[in-house]
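**Student:** Here it is, the structure in full.
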Amino acid sequence: MANQNLVKEMRRRAHFYDKFSGCSQAVLLALQEGLGVGNKESFKAATVLSGGVARRGETCGALLGALMAVGLIEGRERIQDTFVYAKACADADQLVTEFQRRLEKEFGFKEQLKTTLCWDIQKEIYGTSYDLRDTEQRDAFYSCGGHSDKGCLKVCGIAAEVAAERLLK
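Numbering of the sequence shown is given in numbering that gives the first Met the number 0, commencing with residue 0 and proceeding in unit increments.
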């Protein structure tokens, strides 16, 4: 069983760190600190994954940060290690499914979340999606609570919590 105090602390940190923008880095940093994995280079690599990959609304950056932590712990060190690759992918798939279910539950989505796209998650939380590359839409995103405790900060906390629970098993 996972250390629940440590899991809660990683969730709290990811939530807090996203106040500086960069959901992928917020989650990864919280997990790096809590689990003692990764380094400055892996943290830097997560920079461009936020906002659904370079603010494009694709795969949720918070989820990508969580998946990077899985890779740091369970990933293969040699390209020939196909068994390690397959196991890490299977574990990551379970993490993605749990992340979706936890978002549905904590945000009270009326329908099942079918994807992990930033666009789709935004639409469920805020009623619409925002192109975060566009300054006006990004400002509207912030105005509607995009970086509030009930928005993407909460998504980051959920991603870190789900990853921490899985990785501490």
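The C-beta atom is built at its ideal place from N, Cα and C for all residues, glycine as well.
#1: By alpha-carbon positions, which one of Ile-124, Glu-164, Lys-168 and Ala-158 ends up nearest to Gly-64?
#2: List the whole-angstrom C-beta distance separating Val-154 from Cys-88, where the pair is believed to meet the contact cut-off of C-beta under 8 angstroms.
#3: Going by beta-carbon coordinates alone, are Gly-33 and Ala-163 separated by less than 8 angstroms?
#4: Measure the CB-CB distance between Phe-98 and Leu-48 and report whether it falls below 8 angstroms.
#5: Where does the unbroken alpha helix (DSSP H) through Ala-158 begin, and where does it stop?
#6: Put Thr-127 into one of helix, strand or coil per three-state DSSP.
#7: Our contact map puts Asp-90 next to Val-69 with C-beta atoms below 8 angstroms; I'd like the distance itself, whole angstroms only.
#8: Cα separation between Gly-37 and Leu-5?
#9: Return the first residue and the last residue of the alpha helix (DSSP H) that His-14 is part of.
#10: I'd like to check one pair, Cys-151 with Glu-57: are the Cβ atoms closer than 8 angstroms?
**Tutor:** According to the data block:
#1: Taking the first residue of the sequence shown as 1, we reach residue 64 at position 65. Here the closest residue by C-alpha is Ala-158.
#2: Taking the first residue of the sequence shown as 1, we reach residue 154 at position 155. Taking the first residue of the sequence shown as 1, we reach residue 88 at position 89. Cβ-Cβ separation between Val-154 and Cys-88: approximately 23 angstroms, too far for a contact (criterion under 8 angstroms).
#3: One-based indexing of the sequence shown puts residue 33 at position 34. One-based indexing of the sequence shown puts residue 163 at position 164. Closer than 8 angstroms, so yes.
#4: The residue labelled residue 98 in the question sits at position 99 within the sequence shown. The residue labelled residue 48 in the question sits at position 49 within the sequence shown. Contact flag unset, no.
#5: By 1-based counting over the sequence shown, the position of residue 158 is 159. For Ala-158, the enclosing alpha helix (DSSP H) covers residues 151–166.
#6: Translated into positions along the sequence shown, residue 127 becomes position 128. Of the three classes helix, strand and coil, the one that applies to Thr-127 here is coil, per DSSP.
#7: On the sequence shown, residue 90 is found 91 positions in, with the first residue counted as 1. On the sequence shown, residue 69 is found 70 positions in, with the first residue counted as 1. With a contact defined as Cβ atoms closer than 8 angstroms, Asp-90 and Val-69 qualify at about 6 angstroms.
#8: On the sequence shown, position 38 is the one that residue 37 refers to. On the sequence shown, position 6 is the one that residue 5 refers to. Each residue's alpha carbon lies about 17 angstroms from the other.
#9: If you number the sequence shown from 1, residue 14 lands on position 15. Note, His-14: alpha helix (DSSP H), 3–16.
#10: Taking the first residue of the sequence shown as 1, we reach residue 57 at position 58. Taking the first residue of the sequence shown as 1, we reach residue 151 at position 152. For the pair Glu-57 and Cys-151, the CB atoms are not nearer than the 8 angstroms cut-off.
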